[in-house]
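Asker: Chains as they are written, first to last, in the working numbering: chain S, 2 to 306; chain C, 2 to 306; chain E, 2 to 306.
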Amino acid sequence: MNRDLLGIRQLSSDQITDIIRRSDGYFLHLKSNDPFPESQILTGRTVANLFFENSTRTRTSFELAEKRLGATIATLSMQSSSVSKGESLMDTVNVINSMKIDCFVIRHSSSGVPILLRKHLPDSVRIINAGDGAHEHPTQALLDAATLIEKLGSLKGKKIVIIGDILHSRVARSNMILLGKLGAHVTFISPPTLAPKFAEEIFGVEIRNDIGDSLKNADAVMALRIQLERQSGSYFPSLTDFRARYGLTTLRLQDSNTYIMHPGPVNRNVEIDDQAADTEKSIILHQVKRGVAIRMAVLEWMFEK
Amino acid sequence: MNRDLLGIRQLSSDQITDIIRRSDGYFLHLKSNDPFPESQILTGRTVANLFFENSTRTRTSFELAEKRLGATIATLSMQSSSVSKGESLMDTVNVINSMKIDCFVIRHSSSGVPILLRKHLPDSVRIINAGDGAHEHPTQALLDAATLIEKLGSLKGKKIVIIGDILHSRVARSNMILLGKLGAHVTFISPPTLAPKFAEEIFGVEIRNDIGDSLKNADAVMALRIQLERQSGSYFPSLTDFRARYGLTTLRLQDSNTYIMHPGPVNRNVEIDDQAADTEKSIILHQVKRGVAIRMAVLEWMFEK
Amino acid sequence: MNRDLLGIRQLSSDQITDIIRRSDGYFLHLKSNDPFPESQILTGRTVANLFFENSTRTRTSFELAEKRLGATIATLSMQSSSVSKGESLMDTVNVINSMKIDCFVIRHSSSGVPILLRKHLPDSVRIINAGDGAHEHPTQALLDAATLIEKLGSLKGKKIVIIGDILHSRVARSNMILLGKLGAHVTFISPPTLAPKFAEEIFGVEIRNDIGDSLKNADAVMALRIQLERQSGSYFPSLTDFRARYGLTTLRLQDSNTYIMHPGPVNRNVEIDDQAADTEKSIILHQVKRGVAIRMAVLEWMFEK
């Protein structure tokens with residue numbers, strides 16, 4: 002049974018629940034101080050991590066998940082690779098695949114690359130989307146949902162606010178789809194310039210340009226990362242202005258009991274105030290830990306016989 | 002019994018045949034979808050990959066070969082290393098070797114570096130040349146020969162055409178020597194500016210500056226890579242002109258039954274037309290797969306007791 | 002029993018002797034040509050190597066030590082990481098730690114970073130200082146001491162000369178503290194501009210600005226590395242001048258029977274003449290080999306139950 006993780010869109014709610022459930026045992030090991038128990042799940046299997054975008058944390062999370070399941074791994078940071086010698090993406094992937102790769106984990110700045118790989122590679126090769134353009138980032142949405150379920154129980158009817166740069170965010174998009182499948186109510190809040198364009202898909206999603214009292218009744222709020230390195234004042238007047246209108250400030254959170262989440266890396270005192278990031282309602286590091294567990298669960302699910 | 006792979010020149014035809022034969026079993030595993038069987042051949046052994054030239058594909062091929070044989074590996078991309086702090090090559094190698102290295106895999110832009118290492122390092126340390134300047138690239142020639150034998154049987158009297166930048170090509174040079182030892186007939190085709198200078202060694206090699214009807218009777222043709230990043234019109238008028246005169250174009254191949262090979266990465270529509278690269282006579286990915294098998298076979302052969 | 006290696010300062014002389022003694026068995030294996038015996042000491046344990054400063058040799062030494070003890074490892078070269086995206090050091094460390102890290106090995110250009118980590122991370126996480134600013138480099142001092150003990154026996158009353166850029170050297174500082182604890186007599190020799198500023202700590206250390214006859218009676222001399230890439234004539238007139246006044250020249254060593262050491266990478270014919278670096282009294286590569294053994298011993302000591 003060969004399975005892929007191309008996006009949340011391709012998963013049923015049963016599959017989502019199955020993967021989250023599988024992650025529970027791994028999560029317990031991750032919280033323990035004992036040695037991680039040996040696993041044979043990926044013994045003799047090779048996972049290739051193709052990172053066309055730099056990402057220390059996501060790459061490390063995948064690598065540790067793979068190694069702890071016993072995989073042989075090859076990580077290719079593709080900025081300095083054959084691609085720079087003019088080779089096409091599919092030629093590169095075909096070459097690496099010829100070395101017997103059982104699973105590709107791919108991150109790419111262009112939307113749709115994992116689906117392109119699925120079309121071209123043999124059925125026996127599994128594919129995990131580790132983030133493609135502004136399209137999907139399914140393991141992030143799965144780890145977010147697993148974290149939310151742990152804190153809130155069933156997500157049916159729960160109020161989840163996602164705030165910030167929705168327009169460019171694959172995290173927002175995967176979360177919107179997943180949370181919709183599990184019955185949560187999603188509110189997007191962003192500057193008008195960073196509001197979503199994929200309106201046709203956002204059934205059931207509420208879109209706002211101001212926070213108002215959204216946080217008061219929210220069960221959880223996810224702040225998205227402002228890509229400082231990409232945005233030079235073109236989408237909002239200044240970081241100070243962004244914080245004033247869309248930041249999770251201490252003031253704004255004081256009457257709220259919401260959980261605070263962020264996919265990282267956090268720009269402190271832009272998206273989230275220092276103090277807010279470190280309260281016990283902040284479950285940002287919890288998300289990271291769950292991330293390794295989810296990636297192990299996805300691999301286990303994919304390689305199930 | 003400590004063996005090295007410094008170049009094809011140092012191998013007898015029996016040794017070549019022995020290594021190719023050993024690669025057959027690994028190649029079968031590489032074609033299978035089953036987990037790769039565990040191997041103890043390099044258990045407790047450390048292989049250091051010293052890459053003074055960038056090469057994602059060759060480095061990954063070696064690393065996977067080593068890991069699948071159970072080795073502990075250390076890969077050092079030496080552009081960002083102590084070398085840039087002014088340490089001499091041999092000091093760097095001596096330092097790494099003091100950490101107990103059983104085998105060095107070395108790629109370097111200067112011809113002769115693996116031989117230099119052989120002179121300086123203790124006998125107990127094995128050395129594999131992973132490409133040195135314009136000198137040799139023995140694992141490439143071995144994988145090419147293994148691929149050819151699989152397709153053509155004995156190479157005695159077979160007609161192999163090598164086309165492109167012969168002058169700078171260690172691939173051409175190692176192939177010439179190997180194919181000569183196995184009795185094949187080699188034709189070099191290149192612009193006059195890129196013709197070989199090592200004429201004293203090319204006994205039995207035919208040198209031409211035009212393709213003419215060479216492809217008609219060829220059993221296999223290897224297109225070499227044009228180093229786009231190095232050549233700015235100094236060796237031929239333009240890429241369009243190169244393709245017109247030396248490219249494996251669809252037109253040129255239409256009356257031929259030759260196998261098409263390339264050491265990669267391919268510049269599509271320069272050395273090989275898109276359509277030609279993807280026909281069933283193109284065995285470029287086959288070469289890549291055989292490459293991992295050959296590297297495992299070389300390591301097995303080196304560490305044989 | 003959770004132990005850290007933040008600096009030599011925190012170790013008792015008994016602990017120092019214990020770690021050095023533990024390294025002896027590993028050192029024997031490192032000198033042998035046999036496969037390295039398998040170890041379960043770090044099975045199921047994850048070691049994260051956080052290198053905020055580039056260091057091929059130290060990083061490789063740690064990685065091989067960890068792998069040979071059976072650890073799962075994650076190496077993060079932090080120049081190209083989230084840090085460049087503006088994330089704070091402690092946020093980065095907290096994120097990586099959430100992936101279940103049993104031990105951090107950290108190198109950083111700022112003094113005190115390992116101590117900062119110790120304050121913030123849970124007790125269950127071990128920390129090894131792999132060099133912090135001009136502060137400490139404890140594994141280097143331990144490997145130096147182990148090498149000296151092997152050559153000289155007890156260090157009580159032995160005369161050790163350390164020469165060169167004392168001011169910026171964490172190696173000098175850790176050695177001074179360690180050698181003091183084991184009862185050796187330390188002499189620092191440097192240009193006045195590169196003399197130590199931590200005078201309050203150098204009890205028992207003799208400070209000189211000229212070599213004089215220091216080498217005649219020295220049991221060992223350690224030359225420190227001149228940071229060519231950082232110093233442009235601001236601390237001494239020229240490299241030629243430095244060599245003339247502070248270099249371990251052949252002439253200067255000819256009446257001495259001292260052992261010659263260097264933490265590497267060596268600038269040949271600056272700190273040490275070519276000929277002197279390669280005599281049998283030069284034990285520079287011996288230091289490197291002992292370095293892997295010491296790092297294995299430190300890990301064994303840390304993870305002792």
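All C-beta atoms in this analysis are idealised placements derived from N, C-alpha and C, irrespective of residue type, glycine included. Quick caveat: nothing in here was measured; it's all calculated off a predicted structure.
(1) So does the stretch 152-159 of chain E actually touch the stretch 106-123 of chain E, counting three or more Cβ pairs closer than 8 Å?
(2) Would you give the residue range spanned by the beta strand (DSSP E) that E/Val-222 belongs to?
(3) What residues in its chain sit with their C-beta under 7 Å from that of E/Pro-1, if we drop five residues either side in the sequence?
(4) Counting pairs of Cβ atoms below 8 Å between the stretch 138-148 of chain C and the stretch 292-301 of chain C, do you hit three or more?
(5) Tell whether a beta-carbon distance below 8 Å holds between S/Pro-266 and E/Asp-92.
(6) Along the stretch 284-299 of chain E, where does the CB come closer than 7 Å to a CB of chain C? Name the residues.
(7) S/Asn-130 CB to nearest chain E CB: under 8 Å?
(8) From C/Arg-69 to C/Ile-128, what distance separates their C-alpha atoms?
(9) So, with DSSP's three-state summary, where would you put E/His-136?
(10) By the criterion of Cβ-Cβ separation under 7 Å, what are the contact partners of C/Ser-99 in chain E?
(11) Measure the C-alpha to C-alpha separation of S/Arg-58 and E/Arg-58 and round it to an integer number of angstroms.
(12) Taking CB distances under 8 Å as the criterion, tell me whether C/Asn-34 reaches chain E.
(13) Could you tell me the boundaries of the alpha helix (DSSP H) in which C/Ala-245 lies?
(14) What are the residues in the stretch 267-280 of chain S lying within 7 Å of chain E by C-beta distance?
(15) Please state whether DSSP places S/His-109 in a helix, a strand or coil.
(16) What ranges does the beta strand (DSSP E) occupy inside the stretch 234-305 of chain C, keeping only unbroken runs of at least 3 residues that lie completely in it?
(17) Leaving out the 5 sequence neighbours to the left and right, which residues in its chain are closer than 7 Å to S/Leu-31 when beta-carbon positions are compared?
(18) Report yes or no: is there a C-beta of chain S within less than 8 Å of the C-beta of C/Leu-31?
(19) For C/Asn-55, decide whether its Cβ has a neighbour in chain B, counting only Cβ atoms nearer than 8 Å.
(20) Does C/Glu-151 come out as helix, strand or coil in the three-state DSSP assignment?
(21) Along the stretch 38-64 of chain C, what residues have a CB closer than 7 Å to any CB found in chain S?
(22) In chain order, what residues of the same chain have a beta carbon less than 8 Å from the beta carbon of S/Ile-17, not counting five sequence neighbours either side?
(23) Comparing alpha-carbon positions, which option in E/Val-126, E/Ile-273, E/Ala-185 lies nearest E/Leu-300?
(24) For C/Gln-255, does the count of other Cβ atoms within 10 angstroms reach 16, so buried, or fall short, so exposed?
(25) Using the three-state DSSP reduction, which class does S/Ile-55 fall into: helix, strand or coil?
(26) Please confirm whether E/Val-114 has its beta-carbon closer than 8 Å to some beta-carbon of chain S.
(27) Residues in the same chain with beta-carbon distance under 6 Å from C/Ser-235, minus the five sequence neighbours each way, listed in chain order, please.
(28) To the nearest whole angstrom, what separates the beta carbons of S/Ile-74 and S/Val-48, a pair I think is in contact under 8 Å?
(29) By a C-beta neighbour count over all protein chains shown, 10 Å radius and 16 as the cutoff for buried, is E/Arg-108 buried or exposed?
(30) Nearest-angstrom Cα distance between C/Thr-61 and E/Ile-284?
(31) Which residues share a DSSP beta bridge with S/Lys-160?
(32) Identify the continuous alpha helix (DSSP H) that holds S/Leu-117 and give its terminal residues.
(33) From what residue to what residue does the alpha helix (DSSP H) around C/Arg-209 run?
(34) Could you have a look at E/Asn-218 and say whether DSSP puts it in helix, strand or coil?
(35) What do you reckon, are the CB atoms on S/Pro-36 and E/Thr-44 nearer than 8 Å?
Answerer: Let me spell this out:
(1) no
(2) 221-224
(3) For chain E, the structure presents residues 2 to 306; residue 1 of chain E sits outside this window and is missing.
(4) yes
(5) yes
(6) Leu-286, Val-289, Lys-290, Val-293
(7) no
(8) 19 Å
(9) coil
(10) Leu-286, Val-289, Lys-290
(11) 24 Å
(12) no
(13) 240-247
(14) Val-267, Asn-268, Arg-269
(15) strand
(16) 260-262
(17) Lys-290, Val-293, Ala-294
(18) yes
(19) No chain B appears in the structure shown, which is made up of the protein chains S, C and E.
(20) helix
(21) Pro-38, Glu-39, Asn-55, Thr-57, Arg-58, Thr-61, Ser-62, Glu-64
(22) Ile-9, Leu-143, Ala-146, Leu-179, Lys-182, Leu-183
(23) E/Val-126
(24) exposed
(25) In the sequence under discussion, the amino acid at residue 55 of chain S is Asn, which differs from the Ile named in the question. S/Asn-55 falls in the coil class under three-state DSSP.
(26) no
(27) none
(28) 5 Å
(29) buried
(30) 35 Å
(31) S/His-186
(32) 114-121
(33) First-last for C/Arg-209: 206-209, but that is the beta strand (DSSP E), not the alpha helix (DSSP H).
(34) helix
(35) yes
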